[in-house]
Amino acid sequence: MTLQIGLLFLLLAVMVYLFLTEKIPVDLTAFAGLVILVFGGFLEPSEAFVGFSSPAVITMLAVFVVSAGLLQTGVADLIGGRLHKLVGGKEITLIIVVMVVAGVLSAFMNNIAAAAVMMPAVATLARHAKLSPSRLFMPLSFGAILGGTTTLVGTPPNILAGALLEDSGLEPFQLFDYTPLGLCILALGVIYMTTIGKKLLPSRVPVAKEDGAGGQNLSRLYGLEDRLLSIRIPEGSHLSGRSLGETRLGTALGVKVVGIERDGDRSLAPEAASVIRGGDVLVVEGRRSDLEQLFDMQGVEVRATGSAGLPLPEQGVGGIRLSLAKGSPMIGKTLRELNFRQRYGVVVVGLARGGELLRHRLGELPLEVGDALLGLGSRKRLEALDQDDDFVTVEIGFSAVNELEEHVFLLRIPEGSHLVGNTLGQSRLGELVGLTIGGVLRNGKMVLGMLAEEKIEAGDQLITLGEPSRILSLIKLGEVAVESQTPTLSLESETVGVEEVALAPRSSLARHTLRELNFRERYGLQVLALWREGESVHEGMARLRLRLGDALLLQGPRAKIQQLISDPDFVFLSQDVHAPRRTARAPWAIGALALMIVLVATGYQPIQVAAFAAATVTLLCGALTMEEAYRAIEWRAIFLVAAMLPVGTAMERTGAADLMAQSVTEIAGPLGPYAVLASLLLLASVLSQGLDGAPAVVLLTPVVLQASEELGISPYPLMMGISLAASAAFMTPFSHKANLLVMGAGGYRSADYLKVGTPLTIVLLVMLTFLIPLFWAF
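Just so you know, we're using our numbering here: the sequence shown kicks off at 412 and counts up by one.
1) Measure from the alpha carbon of D691 to the alpha carbon of each residue in T566, S685, S700, R673, then state which is nearest.
2) Assuming A1086 and A1079 are in contact, meaning their beta carbons sit under 8 Å apart, how far apart are those beta carbons, in whole angstroms?
3) For a test of the three-state rule: what should DSSP assign to D676, helix, strand or coil?
4) So what does V669 bridge to, in DSSP terms?
5) If we call anything under 8 Å between Cβ atoms a contact, is E767 one with R747?
6) Are T834 and E865 touching if we call contact CB-CB under 8 Å?
7) Alpha carbon to alpha carbon, what distance is there between A598 and L592?
8) Just the Cα atoms here: how many angstroms apart are T924 and L439?
9) Assuming the contact rule is C-beta atoms closer than 8 Å, A1022 and M1007 should be a hit. Round their C-beta distance to whole Å, please.
10) Quick one, which of G730, S478, G738 has its alpha-carbon nearest S810's?
11) If you check the beta carbons only, do F519 and V533 fall under 8 Å apart?
12) Can you say whether W999 is buried or exposed, counting buried as having 16 or more other CB atoms within 10 angstroms of its CB?
13) Which complete alpha helix (DSSP H) runs does the region 767 to 838 hold, if anything under 4 residues is left out?
14) At what residues does the beta strand (DSSP E) containing P531 begin and finish?
15) Of all the options M1131, V1167, I848, which has the alpha carbon lying nearest to the alpha carbon of F1189?
16) Restricting to Cα atoms, I'd like to know which of T560, L481, F420, M530 is closest to A1043.
17) Quick check: the region 641 to 652 against the region 678 to 694, are there 3 or more CB pairs under 8 Å?
18) From the DSSP output, in three-state form, read off L963 for me.
19) Quick one: what's got a C-beta closer than 6 Å to A1053's C-beta in the same chain, skipping five residues either side?
20) Taking the beta strand (DSSP E) that Q585 falls in, what are its first and last residues?
21) Any chance the region 444 to 462 sits against the region 419 to 431, with 3 or more Cβ pairs inside 8 Å?
22) Could you tell me which whole alpha helix (DSSP H) segments of length 4 or greater appear in the region 1035 to 1077?
23) Using a Cβ-Cβ cutoff of less than 7 Å, which residues in the same chain neighbour I507 once the five nearest sequence positions on both sides are dropped?
24) Run the CB neighbour count on V1028, radius 10 Å, all protein chains shown included, and call it buried at 16 or more, exposed below.
25) Taking 7 Å as the limit between beta carbons, can you name the residues of its chain near L1182, skipping five residues before and five after?
26) State the CB to CB distance for the pair V476 and L1035, rounded to an integer number of angstroms; the pair is presumed to be in contact (CB under 8 Å).
27) For the putative contact between L936 and L965, defined by C-beta atoms under 8 Å, what is the C-beta separation to the nearest angstrom?
28) Which of the three DSSP states, helix, strand or coil, is assigned to Q937?
29) Report yes if the CB atom of L1179 is closer than 8 Å to the CB atom of L1135, and no otherwise.
30) Quick check: what's the CA-CA separation for A1061 versus L448?
31) Less than 8 Å separating the beta-carbons of V1167 and G608?
32) Identify which residue in P740, V759, G743, R752 has its Cα closest to the Cα of R732.
33) Helix, strand or coil for F1145? Go by DSSP, reduced to three states.
34) What does a CB cutoff of less than 8 Å around F587 pick up in its chain, not counting 5 residues either side in sequence?
35) Going by the beta-carbon positions, is the gap between L640 and G697 smaller than 8 Å?
36) For L418, I'd like the list of residues in its chain whose CB is within less than 8 Å of its CB, leaving aside the five on either flank, ordered along the chain.
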């Protein structure tokens, strides 16, 4: 191995690592790799951007437009929407039909679009058949992935394989060259999912009942029925005449106000401008125990102070400032998860991060590299912490926490308070209102570093750090109490609806919190709950970073819901809700698809020209607008492929492809061409589980061409093999965006894909090893 080959392999290893971890966006990783290849002398400047004019990239771009045309004109909706009328309620029948229909759609549509358009119909099928949605959504995504293998344009790896053969001076694959093998793969996938796969599928999401409104079904599914509470506003309350926004009542109580009852009338999804009156009953979504404990705090008195206004602490107590050691196992965990106070006997009263001092909700913040913890505790405890290898002590003594001096206030506990007799842990001051109790003033003496087991006494003045705004809001609420009777309330009305949506695969909302997005003000809808990895989430949603595949339960005016339908960031899971379709243009969209097929099948034009012509007809006939076309194109995939294509040239020029081919031929060659095919299939499949399938084909094509030349066999079965194996992406939710799309709606966890997808991947690879040579001889 030469130095140049070693450097290229090192660069590729770094790129693969970044692809897998997504520490930076995958397309940006490809861009950076391309720049390094040029500046490192692996590529000529004239070769750097040939990928952007590649037939594969043009074909992919055009297919995105054609498939969007089929979606916007209702062609795909019509096929998916008729399912529940044509099939019965047997699970095996439903799995077969769902996978076959998804496979047919994805043969000529983007796989993700095919899965997305089928999701509402599949959710309806599950409800009618009284099945858990998790029994059908994974078969849907697998069917869409498998169906893409049936044509040249069905999936990017197939498109790339044909284009790369042509770039090498060989005859490219034609439109239906993949069809015999693709149909066998789809059939095997259906057989597997109706036998072995059916037994492995989880039933995690509760079965939705058919009776009642959709909102009631969804509220039951998300576990909201036990979280609906009534709060009565007393007559003469100072809240009377003020709006919900002014009172910040939802924030103060940590609840979502879903309705207001007044004089026998109910108003759902009230806006921030809705005015409260004495005697109103607010219907809120929250936890009863939390609310009752919050109301227990109403009698406390808040007084601002500073360390200068406090008496000297008792001897043997001090402060400490420490940072996390490099590689500490605590990184990424919260103080609450670490049980820090009980474990070390030290109270963390502040956290310095990036030049900012954080003082509230410290127990909920995942620790990061570079964080500095400010703590109070006994000298003995501080000295033990100083010796701990997980920390680096910066300073010991009260000067270590001096910067918190101006952020200290006292909570005085009066006689008769419900907090008297409770321990600090039972009061849940930190968890409920984000406060940190650093100590207590009791009988004129100051005690610091109190443990959670310490009991609160009447007259105690708790030395508190954090933001007192929430507890001040609680005090101002007056005599507000939770009603004993649980309200019976539908979350829907003629003007207010409840809908379940999933984050689309290219959603711009991913990695942002609802608070950062200002979600309610931005969309006019409130998030009642979130579904992630098989569980509904109700607490702390405002601070939770959204992930691709999350499902959100939304409530709000139906007009606002209608506006959200056309938003590309969301996929609606209700079959009754979809964007207006241009059904009159459907014949044109079908005609454009037929034009592409005829042009390629007759050999009149190559695939890239035929696909581009079909996309142009789709736009000219009005089936799709230019704005919709730009939105439909998965630019991330386009740029990723365009930037990765020159990597193949670099591998050939440096001899890296020849080295890898020699390794394959030396190891598998003596065992015959079947062993070579099997090894390449395995390599392509393994790469595709973490990478996109397209880069896997780009990386392996030079190896295939070199190995076939050295062994004296045809490159076609090997190329066919790596492109099909690159689509065998079933073992992780991240291996294909169709898997991510259904993850939230199906309530799946990563382990579910590994459990169901691994046997399917193995079976497919074995089948391809023996089946490909029957259609493409060595």
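Every residue, glycine too, gets a C-beta built ideally from N, C-alpha and C. What you are looking at is a predicted structure, and each value in this text was computed from that prediction instead of being measured.
Considering the structure as presented:
1) R673
2) 4 Å
3) strand
4) Answer by DSSP bridge pairing: none, since V669 is not bridged.
5) no
6) yes
7) 10 Å
8) 23 Å
9) 6 Å
10) G730
11) no
12) buried
13) 790 to 797, 835 to 838
14) Looking at the DSSP string, P531 is not in any beta strand (DSSP E); the run it does join, the alpha helix (DSSP H), is 522 to 539.
15) M1131
16) L481
17) yes
18) strand
19) G462, F463, V468
20) No beta strand (DSSP E) contains Q585, which DSSP labels as neither H nor E.
21) yes
22) 1037 to 1043, 1046 to 1065
23) V601, T605
24) buried
25) L592, C595
26) 7 Å
27) 5 Å
28) strand
29) yes
30) 8 Å
31) yes
32) V759
33) coil
34) T562, L563, A1012
35) yes
36) G451
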